[in-house]
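*Asks:* Count along the sequence shown starting at 1, add 2, and that's the number in my numbering.
Cβ coordinates follow ideal geometry from the N, Cα and C atoms, glycine included.
Since we're looking at a predicted model, the values are computed, not measured.
Please find one structure pasted underneath; my questions will follow.
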Amino acid sequence: MFQSKFANFIYAFLSVAATAGLCGHLNNFGLNTFYTRIDLPVFTPADVVFPVVWGILYALLIISLTLVLNTAQKNKRKKAVLLFWLNLLMQIIWTSVFFYSGLFLAGFIMLIILDFFAVLLYDAFHGIKKLAAYLLLPYLFWLLFATYLNWGIVDLNGYSYIF
3 MFQSKFANFI
13 YAFLSVAATA
23 GLCGHLNNFG
33 LNTFYTRIDL
43 PVFTPADVVF
53 PVVWGILYAL
63 LIISLTLVLN
73 TAQKNKRKKA
83 VLLFWLNLLM
93 QIIWTSVFFY
103 SGLFLAGFIM
113 LIILDFFAVL
123 LYDAFHGIKK
133 LAAYLLLPYL
143 FWLLFATYLN
153 WGIVDLNGYS
163 YIF
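Below you can see the structure in the form of structure tokens.
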């Protein structure tokens, strides 16, 4: 039993860590090229806030997935893990589109899709273990805040940094 729970934690940790590493790399590209030169919307946090918040959110994602993996029946777990992976994939796509490519409107559309998948993830986790779902609420709220910020950047700067 312990080995299985530990293996579930390692699986969750490595999944989220790989996503965090890739998103961090893509994010740094934008920070080093265009992000400091664009107009930002009201309520944009200082740059130092983002890694702290994402560190907390990634920790909550790891804990949440581990709880689901340790408690779920196989059929429920499969759907929940698929939704979890879709969320991680959409995070990578959004970071690539927004920070690596500088496509602000396309990034906004990706965030809307990510918001939708995050709600589905919350619902799937809620059906398995409520605590796991509740741990996703800060992630969901931060994504909604990021959606506001992304739209503000579109509004202030146009569809992309390139054009």
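Spatial neighbours of P140 within its chain, please: C-beta separation below 8 Å, excluding the five flanking residues on both sides.
*Replies:* Cβ within range, chain order: I58, L59, L62.
*Asks:* Could you give the distance in angstroms between the alpha-carbon of L71 and the alpha-carbon of H128?
*Replies:* Looking at the two C-alpha atoms, the distance is approximately 13 Å.
*Asks:* Considering only residues of the region 104 to 163, which uninterrupted alpha helix (DSSP H) runs meet the minimum length of 4 residues and lie entirely inside it, listed in chain order?
*Replies:* Taking only runs of at least 4 residues, the alpha helix (DSSP H) segments lying wholly in the region 104 to 163 are 106 to 128, 132 to 136, 139 to 159.
*Asks:* Which class does L28 belong to by DSSP, given the choice of helix, strand or coil?
*Replies:* DSSP places L28 in helix when its eight states are reduced to three.
*Asks:* For T46, I'd like the list of residues in its chain whose CB is within less than 8 Å of its CB, leaving aside the five on either flank, ordered along the chain.
*Replies:* Taken in chain order, the residues that qualify are L151, G154.
*Asks:* State the start and end residues of the unbroken alpha helix (DSSP H) segment that holds R79.
*Replies:* Here the alpha helix (DSSP H) through R79 covers 76 to 97.
*Asks:* Once you ignore the five residues that flank G104 on each side, which residues in its own chain have a CB closer than 6 Å to its CB?
*Replies:* Cβ within range, chain order: F36, S162, Y163, I164.
*Asks:* Counting along the chain, where does the alpha helix (DSSP H) carrying P53 start and finish?
*Replies:* P53 -> alpha helix (DSSP H) spans 51 to 73.
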